[in-house]
Amino acid sequence: MLLGKPSQLLFLLLLVFIFEIASHSNAYPLSTHKRWIIDEATGQRAKLVCGNWAGHLKPMIPEGLDRRPLKDIVSELVEHKFSCVRLTYAIYMWTRYGNGNVNATFDSLDAPEVVEGIAKNNPSVLSMTHVEVFDAVVHELGAQNVKVLLDNHVSYPKW
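Residue numbering for the sequence shown follows our numbering, starting at 17 and increasing by one per position.
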């Protein structure tokens, strides 16, 4: 059965709207052309210089937040000309601890020195969920123009 004329027009307008939004999306800022990686924003070749940031271990937050403020960690990456970070995570972070509080996780790990370091350098992290911390790290990397390569490293958080 064919749609009536008003329904067809509405459907067509909806499709045009969706395609228009998609054409302006920067959700995929990189593409490939032959053997090159292309930055869609500039049309130029992108050379990725990536570091690795582990976040898949038992605390299930990116390491180092007990040592330095998040902004400083990312600033140092930028200072050393890194353009992307491979950010590892464990599936457990979403399936078992998505709503879990970071402070409660550290209580079960018996790591008071790490909690003290986080309280000093990134105090808001302790009251966040694991997913919120991960989101804050990704946001700060993006704010400083560092691309993120997500790596589901393991299912269960371990080394």
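Just so it is clear, CB atoms sit at the ideal spot from N, CA and C, and this is done for glycine as well.
The structure presented is a predicted model; accordingly, all values stated were derived computationally and were not measured.
Query: Could you tell me which residues DSSP puts in a beta bridge with GLY114?; Result: BP columns for GLY114 are empty, so no partner.
Query: Between the alpha carbons of ALA106 and ARG84, how many angstroms are there, rounded?; Result: 23 Å
Query: For HIS49, does the count of other Cβ atoms within 10 angstroms reach 16, so buried, or fall short, so exposed?; Result: exposed
Query: I'd like the list of long-range same chain contacts for LEU81, defined as Cβ closer than 7 Å, with 5 residues on each side in sequence excluded.; Result: ILE134, ASN137, ASN138 and VAL141
Query: Less than 8 Å between the C-beta atoms of VAL154 and VAL170, yes or no?; Result: no
Query: Mind pulling the alpha helix (DSSP H) runs of 4 or more residues that sit fully within the region 79 to 111?; Result: 86 to 95 and 108 to 111
Query: Tell me the residue span of the beta strand (DSSP E) that contains LEU142.; Result: Looking at the DSSP string, LEU142 is not in any beta strand (DSSP E), and its letter there is neither H nor E.
Query: The alpha helix (DSSP H) that contains LYS63, what's its start and end?; Result: Note, LYS63: premise wrong, no alpha helix (DSSP H); not H, not E.
Query: Classify LEU46: buried if its beta carbon has 16 or more other beta carbons within 10 angstroms, exposed otherwise.; Result: exposed
Query: Excluding the five sequence neighbours on either side, which residues of its own chain have a C-beta within less than 6 Å of the C-beta of THR104, listed in chain order?; Result: ALA70, GLY71, HIS72, ASP167 and HIS169
Query: For LEU125 versus LYS174, is the C-beta spacing smaller than 8 Å?; Result: no
Query: Which class does LYS74 belong to by DSSP, given the choice of helix, strand or coil?; Result: coil
Query: If you reduce the DSSP assignment to three classes, tell me which class ASN119 lands in.; Result: helix
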